[in-house]
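Visitor: Last residue of the sequence shown? That's 483 in numbering that gives the first Met the number 0, and every number before it is there in order. Beta carbons: idealized from backbone N, C-alpha and C, even for Gly. Please read these numbers as outputs of a predicted model, since none were measured by experiment.
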Amino acid sequence: MNLTILPGKPFPLGATVYKKGVNFALYSENASAVELCLFNADNSPGERIRMAEKTDLIWHVFIEGLKPGQLYGYRVEGPYEPENGHRFNPNKLLLDPYAKAISGTIEWDDALYGYEIGNENEDLSFSETDSAPFLPKSVVVDPDFDWQEDCSPSLAYHNTVIYEAHVKGLTKLHPGVPEELRGTYAGIAHPEIIAYLKKLGITALELMPVHHFVSDRSLKEKGLSNYWGYNSLGFFAPDSRYSASGNQGQQVAEFKNMVKELHKAGIQVILDVVYNHTAEGNQMGPTLSFKGIDNASYYRLTEDKRYYNDYTGTGNTLNAYLPNVLRLMMDSLRYWITEMHVDGFRFDLAATLARELHEVNRLSAFFDIIHQDPVISQVKLIAEPWDVGEGGYQVGKFPPGWAEWNGKYRDCIRDYWNGSENTLAEFADRITGSSDLYKDYRRPTASINFITAHDGFTLNDLVSYNEKHNDANGEDNNDGESHN
0 MNLTILPGKP FPLGATVYKK GVNFALYSEN ASAVELCLFN ADNSPGERIR MAEKTDLIWH
60 VFIEGLKPGQ LYGYRVEGPY EPENGHRFNP NKLLLDPYAK AISGTIEWDD ALYGYEIGNE
120 NEDLSFSETD SAPFLPKSVV VDPDFDWQED CSPSLAYHNT VIYEAHVKGL TKLHPGVPEE
180 LRGTYAGIAH PEIIAYLKKL GITALELMPV HHFVSDRSLK EKGLSNYWGY NSLGFFAPDS
240 RYSASGNQGQ QVAEFKNMVK ELHKAGIQVI LDVVYNHTAE GNQMGPTLSF KGIDNASYYR
300 LTEDKRYYND YTGTGNTLNA YLPNVLRLMM DSLRYWITEM HVDGFRFDLA ATLARELHEV
360 NRLSAFFDII HQDPVISQVK LIAEPWDVGE GGYQVGKFPP GWAEWNGKYR DCIRDYWNGS
420 ENTLAEFADR ITGSSDLYKD YRRPTASINF ITAHDGFTLN DLVSYNEKHN DANGEDNNDG
480 ESHN
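(1) According to DSSP, which residues form a beta bridge with TYR307?
(2) Assign PRO96 to buried or exposed, taking buried as 16 or more other Cβ atoms, counted over all protein chains shown, within 10 Å of its Cβ.
(3) Taking the CB atoms as reference points, tell me whether ASN323 and SER363 lie closer together than 7 angstroms.
(4) Could you please give me the residues that DSSP links to ILE4 through a beta bridge?
(5) Looking at the strands, I want to know which residues DSSP matches up with CYS36.
(6) Is the separation between the beta-carbon of PHE254 and that of GLY228 shorter than 7 angstroms?
(7) Using CA coordinates, which residue listed in LEU206, ARG47, ASP149, TYR26 is at the minimum distance from ARG345?
(8) Examine the Cβ distances between the region 333-345 and the region 264-275 and report whether three or more of them are shorter than 8 angstroms.
(9) Name the residue from CYS36, ASN90, HIS85 whose alpha carbon lies nearest to the alpha carbon of GLN69.
(10) Starting from the Cα of HIS453, find the closest Cα among GLY248, ILE412, TYR162 and give me that residue.
(11) The beta strand (DSSP E) spanning TYR162 covers which residue range?
(12) Quick one: residues in its chain with C-beta nearer than 6 angstroms to the C-beta of ALA14, no 5 flanking neighbours on either side, listed in chain order?
(13) Any idea what DSSP makes of ILE101, helix, strand or coil?
(14) Going by beta-carbon coordinates alone, are THR54 and PRO9 separated by less than 7 angstroms?
(15) Beta strand (DSSP E) containing PHE366: first to last residue?
(16) Span of the beta strand (DSSP E) holding ALA24?
(17) Look up GLN267 in the DSSP assignment and give the residues it is bridged to.
(18) How would you write the range of the beta strand (DSSP E) that GLU52 sits in, first residue to last?
(19) So, at 7 angstroms on beta carbons, what are the nonlocal neighbours of VAL294 in its own chain, with the 5 sequence-adjacent residues on each side left out?
(20) Going along the chain, which residues of its own chain have a beta-carbon closer than 8 angstroms to the beta-carbon of TYR408, five neighbours each way excluded?
(21) Below 7 angstroms CB to CB, which residues in the same chain sit around ILE187 once its five sequence neighbours on both sides are set aside?
(22) In whole angstroms, what separates the C-alpha of ASN281 from that of SER288?
(23) Closest to GLU260 by CA distance: which of HIS189, ALA319, GLY7 is it?
(24) Quick one: is the Cβ of ASP122 within less than 6 angstroms of any heavy atom of the ligand FAD?
(25) What's the C-alpha gap between GLY77 and ASN29?
(26) When you compare only the Cα positions, how much space is there between ASN465 and ASP478?
(27) Looking at the structure shown, is ARG442 part of a helix, part of a strand, or coil, going by DSSP?
(28) Could you tell me the alpha carbon to alpha carbon distance between TYR334 and ALA185, rounded to whole angstroms?
(29) Using 8 angstroms as the threshold, is the region 231-243 in touch with the region 298-311, meaning 3 or more CB pairs across them?
(30) What does the alpha-carbon distance come out to for the pair PHE61 and ASN90?
(31) Taking PRO135 and SER102 to be in contact with their CB atoms under 8 angstroms, please state how far apart those CB atoms are, rounded to whole angstroms.
(32) Which residue's Cα is closest to the Cα of GLU403: LYS379, LYS19, PHE365?
(33) Leaving out five residues on either side along the sequence, give the residues of the same chain with a beta carbon under 7 angstroms from the beta carbon of SER242.
(34) If you check the beta carbons only, do VAL160 and THR128 fall under 7 angstroms apart?
(35) Report buried or exposed for HIS482, applying the criterion of at least 16 other Cβ atoms within 10 angstroms of its Cβ.
(36) Relative to the alpha-carbon of TYR226, which residue among ASN472, GLU480, ASN476 has its alpha-carbon at the smallest distance?
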């Protein structure tokens, strides 16, 4: 490969395509060295390039001669001191946090961990095994796409009917969709599905996570998978498992075409996004991206920096208090709006993002930045207004400009429906806009009224069972919420 290596620029972060080549930029405050690793189309190792330039904690290089479709990853050197929050290990290939596409899924192996599995010192040990053969690669993506004057349908909240759906589940068994398109972005764009959505009268399709996600090793070893996708690793990359056209960047164009076709039908696209944690888990989890790039600069660590604050129940919490993490979140949101043309977001466990230190603060930096952002502030912003930490139930307390999943509406309507006693007064409040929650500085349209969603009984189950029946997925009916 005939490549010319130039200093490049620190912005934008990620891999950016220009006429003569590609610019690479990676944030790492505590790294001592960063190596860009290129891979051939067959996944075999190619050039390894030392990134000599560092500007304002961002490592960068420009490679002339590279084109879209190029596979790459990073190796980052620095101290391996888990007790001080540092978990650098150059034996581990790392995904670019700003990768616009990821070439496939993880092949689980002990090599993906920064420490030696089975060592008596656990995560304080150091693994020298190369993880590259087992990790999918980041992909350089061509941003060009013919949007054909696409624009978002203009729909106020009071005219919005939201349909929550799973990309695979919506079309996988649909007889009217060609078999090769079922379960994909292209399947949703098929005329049969769009006609079905229009017949239902919905105006917005809210897709469960499409950010590239990971199925945990424990699930894979049981022959299971993370179906819902609330285990993100790539906040810019549409997951390739939902692509009918390929995983070398084709998934990006396929997603864009889905949005374009839905917009033509007057249907908005809302994404369920998970910025509160990543798929790397706690101190015993794998080293796939952030943990090896700069663990202490991405995650909330306890006073003993070996361990992670866990407000999400998943092992870690991204530290939205740090400027570089806020930038990552804002850049991701802006990318999905400006480049992918989505119309809004539903934020998973949004109370976690409001935590400055430990308390939930509705005027936290995350909300301040979104409120003043000229792009993000103009789309639909919907909070799941709780997390698993202390004081995490924040229904009715989000700032102006935000709507909320109204869990009180859900519970009250169910109780009333079941004939529970003493529910009429609250039912009156809920059915008329929950003025007890939204009377001060927001209108009733801030309430997203719903009866069921993905994190409880389906609507069919709700009217069929008193108890959950998660019998088919190998968890002995222990998973999911029991409360009906």
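Guide: With the given structure in hand:
(1) Numbered from its first residue, the sequence shown carries residue 307 at position 308. Partner(s): LEU300.
(2) Along the sequence shown, read from residue 1 onward, the residue named residue 96 stands at position 97. Classification of PRO96: buried, given that the 10 Å Cβ count is 16 or more.
(3) Stepping through the sequence shown from its first residue, residue 323 is reached at position 324. Stepping through the sequence shown from its first residue, residue 363 is reached at position 364. No, they are not a contact pair.
(4) As a first step, residue 4 must be located in the sequence shown, where it is residue number 5. DSSP, once it has assigned bridges, lists ILE62 as partnering ILE4.
(5) Along the sequence shown, read from residue 1 onward, the residue named residue 36 stands at position 37. CYS36 is bridged to ARG47, GLY72.
(6) Residue 254 sits at position 255 when you count from the first residue of the sequence shown. Residue 228 sits at position 229 when you count from the first residue of the sequence shown. No.
(7) Residue mapping note: residue 345 aligns to position 346 of the sequence shown, counting from 1. For the residues LEU206, ARG47, ASP149, TYR26, the minimum Cα distance to ARG345 belongs to LEU206.
(8) yes
(9) On the sequence shown, residue 69 is found 70 positions in, with the first residue counted as 1. That would be CYS36, whose Cα lies nearest to the Cα of GLN69.
(10) As a working mapping, residue 453 is identified with position 454 in the sequence shown. Ranking GLY248, ILE412, TYR162 by Cα distance to HIS453 puts TYR162 first.
(11) If you number the sequence shown from 1, residue 162 lands on position 163. Element bounds for TYR162: 161-164.
(12) The sequence position of residue 14 within the sequence shown is 15, counting from 1. Excluding sequence neighbours, ALA14 sits near VAL21, PHE23, VAL139.
(13) For the purposes of this step, residue 101 is identified with residue 102 of the sequence shown, where counting begins at 1. Three-state DSSP puts ILE101 in a strand.
(14) Residue mapping note: residue 54 aligns to position 55 of the sequence shown, counting from 1. Residue mapping note: residue 9 aligns to position 10 of the sequence shown, counting from 1. In contact: THR54 and PRO9 (Cβ atoms closer than 7 angstroms).
(15) Within the sequence shown, numbered from 1, the residue matching residue 366 stands at position 367. Per DSSP, PHE366 belongs to no beta strand (DSSP E); it is in the alpha helix (DSSP H), 364-371.
(16) What you label residue 24 is simply residue 25 of the sequence shown in a count that begins at 1. Where ALA24 is concerned, the enclosing beta strand (DSSP E) stretches over 20-26.
(17) Taking the first residue of the sequence shown as 1, we reach residue 267 at position 268. DSSP, once it has assigned bridges, lists ALA203 as partnering GLN267.
(18) The residue you call residue 52 lines up with position 53 of the sequence shown. GLU52 -> beta strand (DSSP E) spans 52-54.
(19) As a working note, residue 294 is residue 295 in the sequence shown. The question names Val, but residue 294 is Asn in the sequence shown. So the list reads GLY84, HIS85, ARG86, once near-sequence residues are dropped.
(20) Taking the first residue of the sequence shown as position 1, residue 408 is located at position 409. So the qualifying residues of the chain are ARG429, SER433, SER446, ASN448, PHE449.
(21) In the sequence shown, residue 187 corresponds to position 188, counting from 1. Excluding sequence neighbours, ILE187 sits near VAL166, LEU169, THR170, MET257.
(22) Here residue 281 corresponds to residue number 282 of the sequence shown, with the count starting at 1. Here residue 288 corresponds to residue number 289 of the sequence shown, with the count starting at 1. Roughly 13 angstroms separates the two Cα atoms.
(23) Residue 260 sits at position 261 when you count from the first residue of the sequence shown. Answer by Cα proximity: HIS189.
(24) Annotation note on the ligand FAD: not contained in the displayed structure, which lists no ligands.
(25) Numbered from 1 along the sequence shown, position 78 holds the residue referred to as residue 77. Numbered from 1 along the sequence shown, position 30 holds the residue referred to as residue 29. Rounded to whole angstroms, GLY77 to ASN29 spans 7 angstroms at the Cα level.
(26) Numbered from its first residue, the sequence shown carries residue 465 at position 466. Numbered from its first residue, the sequence shown carries residue 478 at position 479. Rounded to whole angstroms, ASN465 to ASP478 spans 16 angstroms at the Cα level.
(27) Numbered from its first residue, the sequence shown carries residue 442 at position 443. Residue state, collapsed to three classes: coil.
(28) Position 335 of the sequence shown, counting from 1, holds the residue named residue 334. Position 186 of the sequence shown, counting from 1, holds the residue named residue 185. Straight-line Cα distance between these residues: approximately 21 angstroms.
(29) no
(30) Position 62 of the sequence shown, counted from the first residue, corresponds to residue 61. Position 91 of the sequence shown, counted from the first residue, corresponds to residue 90. One C-alpha to the other measures close to 24 angstroms.
(31) Along the sequence shown, one-based indexing puts residue 135 at 136. Along the sequence shown, one-based indexing puts residue 102 at 103. That pair is a contact at about 5 angstroms.
(32) Position 404 of the sequence shown, counted from the start, is the residue given in the question as residue 403. Cα-wise, what sits closest to GLU403 is LYS379.
(33) Taking the sequence shown and counting its residues from 1, the one referred to as residue 242 is at position 243. For SER242, where only same-chain residues beyond five positions count, the Cβ hits under 7 angstroms are THR183, TYR184, GLN249, GLN250, GLU253.
(34) The residue labelled residue 160 in the question sits at position 161 within the sequence shown. The residue labelled residue 128 in the question sits at position 129 within the sequence shown. For VAL160 and THR128, no; Cβs fall outside 7 angstroms.
(35) The sequence position of residue 482 within the sequence shown is 483, counting from 1. So HIS482 ends up on the exposed side.
(36) Residue numbering aside, residue 226 sits at position 227 when the sequence shown is read from its first letter. Among ASN472, GLU480, ASN476, the Cα nearest to that of TYR226 is on ASN472.
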